[in-house]
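*Asks:*
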Amino acid sequence: MSVQRTSSRDVNLPVAPARSTSNAALEKGSSIESSVRKFRIVEALRSGNTAAISKAIRETAEGAPRPSTSSVNGPSSGPLDDTTVLHLAIQCVDFEVVQYVLSDGAGTIDVNARDKDGNVPLHIAATQGRANVVHLLLQQKDINDAVANNQGKLPLDVARSPEIFQHLQLARTLFLQDKVQEVQSYIQRGAYDSLSKILEEPRVKTILDINSTELPSEPQTVKSGGSLLHEAARKRDTKLIQTLLLHGADPFQRDRNGKLPQHVTNDDTTRAMLKRSPAAVAAQRSIQEKAVLGHATSQAGPVASSATDPTAGREPIMKGYLKKWTNYRKGYQLRWFVLENGVLSYYKHQDDAENACRGAISMRIATLNMSPDDKTKFEIIGKSSVKYTLRANHEAEAKRWFWALNNAIQWMKDQAKAEERNKAQGAEYLRQAQDQFSKAGSSVGDIHSESASFAEPRSSMQLSRHTSGKGVPRVAPSRGSVSGSVDDEFVDAGTDAGRDSPPTIPADLDADEDDDYAGKSSIVELPSATKDAFNITAQSARLQLDTLAQVSAALQAEANRNPSMSLVDPKAAQALATYDSAIRSLKVLMGDLLRISKDRDAHWQYRLDQEVEMRQMWEESMAKVAAEQEDLETRVGKAELKHKITKRALRDLMEGSGSATATQPSQPLEEVGEEDQKPPAPLGRKATTLADVVDDLTDDSESEGEEFFDAVDAGAVSAEPMPPSELASGGGESKQEVVVSGLDVSSAFKGYEDGFRTRLKLDSDNRPKVGLWGILKSMIGKDMTRMTLPVSFNEPTSLLYRTGEDMEYAHLLDQAADRTDSLERMLYVAAFASSEFASTIGRVAKPFNPLLGETFEYARPDKGYRFFIEQVSHHPPIGASFAEAAKWTYWGEANVQTKFSGKAFDIHHVGTWFLSLRPSAGGKEELYTWKKPSQQVVGIITGSPAVDNYGLVEIKNWATGEKALIEFKARGWKASSAYGLAGKIVDKEGRTRWSLGGRWNSKLYARYTPGFEAQLDESSENRGSINDPSKAFVIWEANDRPKGIPFNLTPFVLTFNDINDNLCKYIAPTDSRYRTDQRAMEDGEYDFAADEKNRLEQAQRARRKLREENGQHFAPAWFVKAKCETTGESYWKFNGKYWDQREKFGNGDANAWEGLEPIYSDA
C-alpha cells in the first residue's frame, strides 16, 4: 500500500508549515510504534484523560529528555518524531486541557521546544488565534517569544488577530521595560556579574539591543544619544566596557554628534581597550562578518535592515497596532502603523500593508507632541492640517513609539544636513573599505572602522525589525557613511510617492475621515468558544489525517523491509487497529465540524435577519417622518392662506371705512372729544382697532416674491400680453419667415404636411405599480444615468425629447427679435429660458437613455423653426442640439450630473446654452449664453414625487453686456413657496431696469423698474403693459395641460414620437422614433418594451467592445467639438450636413444615410 503525503496546509485554516512526505518522515526515524503512540496521545488529550496525559508527559520526559531550545538553536529530537505533547494539546484540545498539561508538566515540559517546522508552542497558539492560550504561555517563567521558526517568523509575525498581536507586543514591551531597569540598576551598583547573567538570558539576547540609546542613564550620554559604551567610556569603567564588548556592544557606533565611544574620553587605557582589546577585536570581527555576509546567517530570516547597516542606511522598521482618532462618530479605531525609511504609514489592517496605504507622514517634516494628561496618547503633525492623534494600550508602548518617532525625526534632519558632505566622501570610503576586505590577512584599520560603524551589531536588532521594540539605535550618520546620500534620495522619492502620486493616498488626506469601518473586524463575532471549537475540531481532524498517512507510510516501509510479514503480525495488527480507530475518530470529527458549521450558519442567518428587520424599521420610520413633514407643510400652507384672506378682508374693511367718512372734515380724535364731550364713535373705535390689526398682520417678514404671489392668486395682476413693437406692427408680412441668411429652412418641413397627433393609443396610464422607494433605496449615492430600473419606471420619451421640449415656447424668441430695445429683447429671452421647465410638472418618470449615435429631428412649419439633436457621448450622456429659425439660432448640449441621495434625485446642468438673436430692426447679431438651473425630484420616500427647480441663472448678452439674473426658488415649508421665481434685468453698468416674478410652471410677470427692484404687488385695478411702465404685465403664460393624457405628457410632447409613412421618407434610420422599446412603452406593451430595451443595450455594449478591440473611437456624425470665439467655452458645433442628407434621402438617394451605425439592429 503506497500513500504519498501532500501538504497539510489548508487555505482556510492557518496552521504550521506543511510537513514533508512520508518517505522523509521515515528518514527522520518514523515508525509504526511512534505513529501509534502519537495517535494515542492525541486521543488521550481529546478525551481529557488526565492519567493518560500525565503518563505521556512523564514518558516523553523520562524516555528522551528534550534539550531546551531556548537559545534558538536548531530543532531538537525527542520521543515524538516531530512534535511535543504541548504542541498537540494546543492544536486539538480545549484551554482547560492545555492548562493541565502545563501545570502537570511544570519543570519537565520545555515551553520553547520546537517542532519539525521550527514552531514553538507560542507559534501554534498565535497562528490558530487562541488568545487565551497565548496569554497562558506568556505567563510561563522561561517563555521566549523571540524564537523564529524555519521560515524566519516570530510568533508576533504569525498572529492571527490584532488582539493577539497587541498581547504579544505588550508582553514584550513590559519585559523589555523591566530588563532595561535591571540593566541600569546593575550598572549603577557595579554588579557586572549579575549584568552578564541577565545579558546571557536567551530572551534578553534575542530582543534587547545592547546598543540601544535607551539603556544609558548618564545625563550627558542621554543628551548626545550615545550607547552604554559611550557611558562606560565617559566613566572610564574598563570592567563595564569589557562586559559590554563581550556581549555584542558595538565600539563603532556613533552618537548624534558623530563621536565614537573612544572619542568621548581622554583616558588612554580606555581608548586602547575600545580599539585593541580582544573583546574589541572580537566585536569588530563579528561586525565585519555580518557586513560581508549581509546578515544571511540571521536565524530570524529576512528582516529589515537597521540604521547601523552600511548597506542600507535606513531608519529601523517599527510596526504595530495603535488606536487612531478618526472622527467624532467613530472615535479611536485600531490601525496598523509602520515606521520605515523615515515615513510613518498606516493601514486599516496588517494584511493591507502591501497595497492599501491609507495615509503617510514623512518624518522630515513632522513634529511630535506627547499628551501631558494621558501618557498613552501622542500626536504626529505634518504639513497643512495633517495630524494623527494616536493612543497606545500601555504607557511603556507609547514611550517606545514616541522615542522611535523622535529618533526618526532627528535622523531625517541629520541626513538632510549631511547630504552634501556624504555625497563627496561616500565613494572614497566605500573604495577604501573594499580594499580592506580584498587584502587577505590585513589588519582592520581606522578607515574600515569608520565605514563599518553602521554595521548591525548582531541579531539583537530583531526587535526593531519585527516589532517596534526598544532596541532601535538612535544615531547620526557618520562622515564615512556611504548610505547617507543614497538614503536621502530614497526617502524623498518614497515620501513623494506616498504624498503626491495618484495611485496612493496623499499625506494631506486622512482616509479615516471618510472611512467606513464596517469591514470584517466590525462585525460582531461569534462567541470565542464557538470559534475555538471549530478551529480545534478542524485541527484534530488534520492530526488524524496525519496519523493515517504516517501509519500507511510505516506499513509500507515495514512491508518493504519484511516482505513475508503477515497481517496477523503484532506490528501489522497494531497498525491496523490504529488505522481503524483513526477513521472512526475522523468520522466523529467530521460530524462535529458539520454541526459547528451549521450553528455558525444559523448565527449569521440570525444576524442577517436582524439587519434586514432593522433596515425595514428604518425605512418605515423615514417614510413616516416624510409623511409627517408633508402633512405639516400642508397645514402650514392652509394656515398661511387663512392668514392672507384675513388680511385682505381687514384691508378691504379699512378701505370701506375710509371711503364712508371721506366727505367729512378730518379732525384729530382728541379735538372731537374736546368739542363734543362725547366718547368716540363706535365706528371710529373700530377703524382704529382694525388699523392696528392690519399693521400687525402686515409686519410679517414676507419676501417680495410672496407679496407678488398674493397678487397672482387674487387675480390682481393684468394678464394682458406685451403689445407688439412699432416695427412688428408696422406693415410687415403676415406669413412666417423661413429664410435664414439665404438658407431656406422650409426644406425641413417636408414630411410634416400631415400635421401632428393629439392623442396616444392608450387612454390611460396602466403601467405595473411598483414601489419606487423599494427599488431606489439600494441605489443611494449612484449616478442616475447608470441606474438600471424596471421599464415601468420609464415614460415613452427619450432624453433627446426632453431637450426638444425647450422649443414649446419658441415664439418668445420671435417676439424678442421684434423688440427694438435690447433690454426688452433680454426680457423675452429670460422668459424663454424660464419657460423650459413648465412641462416637467407631474412627470417624474425617467426618460429612456439615448443610444450612442441616436438622433431626433423635429420641425414646425406653423412656427417656422427646425430642431435637431444627436447623442454624442454615452458616459457621460451628452446630447448636442441645434435649432434655427428666421430670426434666431439656438444650440447647446444636454449634459447633466445626477445623483440619488436617498431623499431626492439631484440633477445639475453643466452644459452651456447659446442663442444667436437677429433683431428684426437690423443691426448687430446678439449672442446670449446661460446654464440651466439645478433640478430635484423630491417626495420619493412618501410615494408622491414632485419636480423642483432651484438656483441662480445668469443670462448674458455678449453684444451689449446686459444681463438677466433669475433665481429659481427652492421649495420650502410653505405651499406658496413652490415653483417660485424672481429676477431682474440689468444694463451693462449693473443698474436694474426690469423686475421679474412669477411661477415657472404657470406665469411670468415683468415691470419696468429703472434703478430699483419692485415687489410686483399690484392691486386689481392696476393692470398695465409695457406702454404703462408703472404697472406689471404678463410676459409668458404656460399652455393648458388637458387631463387624461397618459404618462402626464403635454400636448406638445405628444407630437414628438408621432411617425407616419410620409415622414419615414425623410428622417434618418437613427431617429428616436424608430426605437422599438420606446414605441412599445407608448402602446402599453410593457413586457416587450423591457425585452427590447435589454436587447438594444446589449447590442450597444457589443458595438463598444468591438470598437475597443479594433482600437477605434466613436465619432458623432453631425457634430464636432469646437470652441466659441466669443465666450471661450467649448461646445458641440453642428456641421449642417444633416438637412442636406435628409433632402437627398427624400429625393430617393438610398445611400444618403450610409456610414451611420445600425443602432437599432442586433450587433
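Be aware that the sequence shown starts at 1, since it is given in my numbering, and climbs by one per residue. Don't be surprised by glycine CBs; every beta carbon is placed ideally from N, CA and C.
Note down the Cα distance separating residue 354 from residue 401, rounded to an integer number of angstroms.
*Replies:* In the sequence shown, the residue the question calls residue 354 occupies position 354. In the sequence shown, the residue the question calls residue 401 occupies position 401. The alpha-carbon atoms of residue 354 and residue 401 are separated by roughly 22 Å.
*Asks:* Just curious, the beta strand (DSSP E) that residue 847 is in, first and last residue?
*Replies:* For this step, residue 847 is matched to residue 847 along the sequence shown. Element bounds for residue 847: 846 to 848.
*Asks:* So residue 333 is in the beta strand (DSSP E); what residue range does that whole segment cover?
*Replies:* Counting from 1 along the sequence shown, the entry for residue 333 is found at position 333. 331 to 340 is the extent of the beta strand (DSSP E) around residue 333.
*Asks:* To which residues of the same chain is residue 1092 closer than 7 Å at the C-beta, ignoring the five residues directly before and after it?
*Replies:* Sequence index remark: in the sequence shown, residue 1092 carries index 1092 (1-based). For residue 1092, where only same-chain residues beyond five positions count, the Cβ hits under 7 Å are 1076, 1077, 1080.
*Asks:* To test your reading of the DSSP string, which unbroken alpha helix (DSSP H) runs of 4 or more residues are found completely within the stretch 1039 to 1079?
*Replies:* Segments of the alpha helix (DSSP H) lying fully in the stretch 1039 to 1079: 1051 to 1054, 1061 to 1064.
*Asks:* Short check: CB of residue 225 to CB of residue 243, under 8 Å?
*Replies:* Taking the sequence shown and counting its residues from 1, the one referred to as residue 225 is at position 225. Taking the sequence shown and counting its residues from 1, the one referred to as residue 243 is at position 243. It is not a contact, given that the beta carbons lie outside the stated cut-off.
*Asks:* Examine chain B for any beta-carbon lying closer than 8 Å to the beta-carbon of residue 389, and answer yes or no.
*Replies:* Of the protein chains in this structure there is only one, and it is not chain B.
*Asks:* Rounded to a whole number of angstroms, what is the C-alpha to C-alpha distance between residue 1188 and residue 356?
*Replies:* No information on residue 1188 is available, as it lies outside the stretch 1 to 1163 that the chain covers here.
*Asks:* Taking only the alpha-carbon atoms, compute the straight-line gap between residue 385 and residue 408 and give it to the nearest angstrom.
*Replies:* Numbered from 1 along the sequence shown, position 385 holds the residue referred to as residue 385. Numbered from 1 along the sequence shown, position 408 holds the residue referred to as residue 408. One C-alpha to the other measures close to 21 Å.
*Asks:* Taking only the alpha-carbon atoms, compute the straight-line gap between residue 104 and residue 98 and give it to the nearest angstrom.
*Replies:* For the purposes of this step, residue 104 is taken as the residue at position 104 of the sequence shown. For the purposes of this step, residue 98 is taken as the residue at position 98 of the sequence shown. Spanning the two alpha carbons is a distance of roughly 10 Å.
*Asks:* Answer with buried or exposed for residue 342, where buried requires no fewer than 16 other C-beta atoms within 10 angstroms of its C-beta.
*Replies:* Locating residue 342 in the sequence shown gives position 342, where the first residue counts as 1. Per the 10 Å Cβ criterion, buried.
*Asks:* If I measure Cβ to Cβ from residue 1157 and keep anything under 6 Å in the same chain, skipping five residues before and after, which residues do I get?
*Replies:* Walking along the sequence shown from the start, residue 1157 turns up at place 1157. The answer, listed in chain order, is 853.
*Asks:* With three or more beta-carbon pairs closer than 8 Å as the criterion, would you say the stretch 842 to 857 touches the stretch 793 to 802?
*Replies:* A contact exists between the stretch 842 to 857 and the stretch 793 to 802.
*Asks:* May I ask you to report which of helix, strand or coil DSSP gives residue 858?
*Replies:* Your numbering for residue 858 matches position 858 in the sequence shown. Residue 858: strand per DSSP, three-state reduction.
*Asks:* Is the number of C-beta pairs between the stretch 162 to 170 and the stretch 194 to 209 that are closer than 8 Å three or more?
*Replies:* Contact between the stretch 162 to 170 and the stretch 194 to 209 is absent, because fewer than three Cβ pairs lie under 8 Å.
*Asks:* Which first and last residues belong to the alpha helix (DSSP H) in which residue 1112 is found?
*Replies:* The residue labelled residue 1112 in the question sits at position 1112 within the sequence shown. That residue, residue 1112, is in no alpha helix (DSSP H); it is neither H nor E in DSSP.
*Asks:* Is it right to say residue 562 is buried, meaning 16 or more other beta carbons lie within 10 angstroms of its own, or is it exposed?
*Replies:* Here residue 562 refers to the residue found at position 562 of the sequence shown. Exposed, by the Cβ-count rule.
*Asks:* Run the CB neighbour count on residue 518, radius 10 Å, all protein chains shown included, and call it buried at 16 or more, exposed below.
*Replies:* Along the sequence shown, one-based indexing puts residue 518 at 518. Here the model assigns residue 518 a pLDDT of 36, short of 50, so the residue's position is not dependable and the matter cannot be decided.
*Asks:* Have a look at residue 502 and residue 358 and give me their C-alpha separation to the nearest angstrom.
*Replies:* Numbered from its first residue, the sequence shown carries residue 502 at position 502. Numbered from its first residue, the sequence shown carries residue 358 at position 358. Any reading at residue 502 must be qualified, since the residue scores a pLDDT of 36, below 50, and its modelled position is unreliable; the value itself is stated next. So the two alpha carbons sit approximately 13 Å from each other.
*Asks:* Check whether the stretch 953 to 966 touches the stretch 983 to 999, counting contact only when three or more Cβ pairs, one atom from each stretch, lie closer than 8 Å.
*Replies:* Flag = yes, the stretch 953 to 966 and the stretch 983 to 999 touch.
*Asks:* Using CA coordinates, which residue listed in 161, 60, 138 is at the minimum distance from residue 173?
*Replies:* Taking the first residue of the sequence shown as 1, we reach residue 173 at position 173. The candidate whose alpha carbon is nearest that of residue 173 is 138.
*Asks:* Output the distance between the C-alpha atoms of residue 642 and residue 631, rounded to the nearest integer angstrom.
*Replies:* Here residue 642 is taken as the residue at index 642 of the sequence shown, counted from 1. Here residue 631 is taken as the residue at index 631 of the sequence shown, counted from 1. Each residue's Cα considered, the two are about 17 Å apart.
*Asks:* Can you tell me whether residue 606 is buried or exposed? The criterion is at least 16 other CB atoms within 10 Å of its CB, across all chains shown.
*Replies:* The count along the sequence shown starts at 1 and reaches residue 606 at position 606. So residue 606 ends up on the exposed side.
*Asks:* Is the beta carbon of residue 56 less than 8 Å from the beta carbon of residue 108?
*Replies:* As a working mapping, residue 56 is identified with position 56 in the sequence shown. As a working mapping, residue 108 is identified with position 108 in the sequence shown. No, they are not a contact pair.
*Asks:* The beta strand (DSSP E) with residue 1123 in it runs from where to where?
*Replies:* In the sequence shown, residue 1123 corresponds to position 1123, counting from 1. Run containing residue 1123: 1119 to 1123, per the beta strand (DSSP E) assignment.
*Asks:* Among the candidates 886, 191, 340, 762, whose CA atom is the shortest distance from the CA of residue 1085?
*Replies:* In the sequence shown, residue 1085 corresponds to position 1085, counting from 1. Ranking the options by Cα distance to residue 1085, first place goes to 762.
*Asks:* Looking at the strands, I want to know which residues DSSP matches up with residue 1134.
*Replies:* Here residue 1134 refers to the residue found at position 1134 of the sequence shown. In the DSSP output, where bridge partners are listed per residue, residue 1134 has 1119.
*Asks:* Compute the Euclidean distance between the alpha carbons of residue 1161 and residue 868, then round it to the nearest angstrom.
*Replies:* Within the sequence shown, numbered from 1, the residue matching residue 1161 stands at position 1161. Within the sequence shown, numbered from 1, the residue matching residue 868 stands at position 868. Taking the straight line from one Cα to the other gives about 22 Å.
*Asks:* Contact defined as beta carbons within less than 8 Å: I believe residue 757 pairs with residue 1063. What is the distance between those atoms, to the nearest angstrom?
*Replies:* Counting from 1 along the sequence shown, the entry for residue 757 is found at position 757. Counting from 1 along the sequence shown, the entry for residue 1063 is found at position 1063. Not confirmed; about 12 Å, so no contact.
*Asks:* Please go through the stretch 383 to 409 and give each complete beta strand (DSSP E) segment of 3 or more residues, from N-terminal end onward.
*Replies:* Runs found: 387 to 391.
*Asks:* Classify residue 790: buried if its beta carbon has 16 or more other beta carbons within 10 angstroms, exposed otherwise.
*Replies:* Position 790 of the sequence shown, counted from the first residue, corresponds to residue 790. Per the 10 Å Cβ criterion, exposed.
*Asks:* Apart from the five residues on each side of it in sequence, which residues of its chain come closer than 6 Å, Cβ to Cβ, to residue 238?
*Replies:* Looking up residue 238 in the sequence shown gives position 238. Closer than 6 Å at Cβ, skipping near neighbours: 273.
*Asks:* Could you check what DSSP says for residue 1143 in three-state terms: helix, strand or coil?
*Replies:* For the purposes of this step, residue 1143 is identified with residue 1143 of the sequence shown, where counting begins at 1. Reduced to three states, the DSSP call for residue 1143 is helix.
*Asks:* Are there three or more Cβ pairs, one per stretch, closer than 8 Å when the stretch 831 to 841 is compared with the stretch 880 to 887?
*Replies:* With the cut-off at 8 Å, the stretch 831 to 841 and the stretch 880 to 887 do not touch.
*Asks:* For residue 318, which beta-bridge partners are listed by DSSP?
*Replies:* Stepping through the sequence shown from its first residue, residue 318 is reached at position 318. 339.
*Asks:* Smallest Cα separation from residue 35: which of 46, 47, 82?
*Replies:* As a working note, residue 35 is residue 35 in the sequence shown. Answer by Cα proximity: 82.
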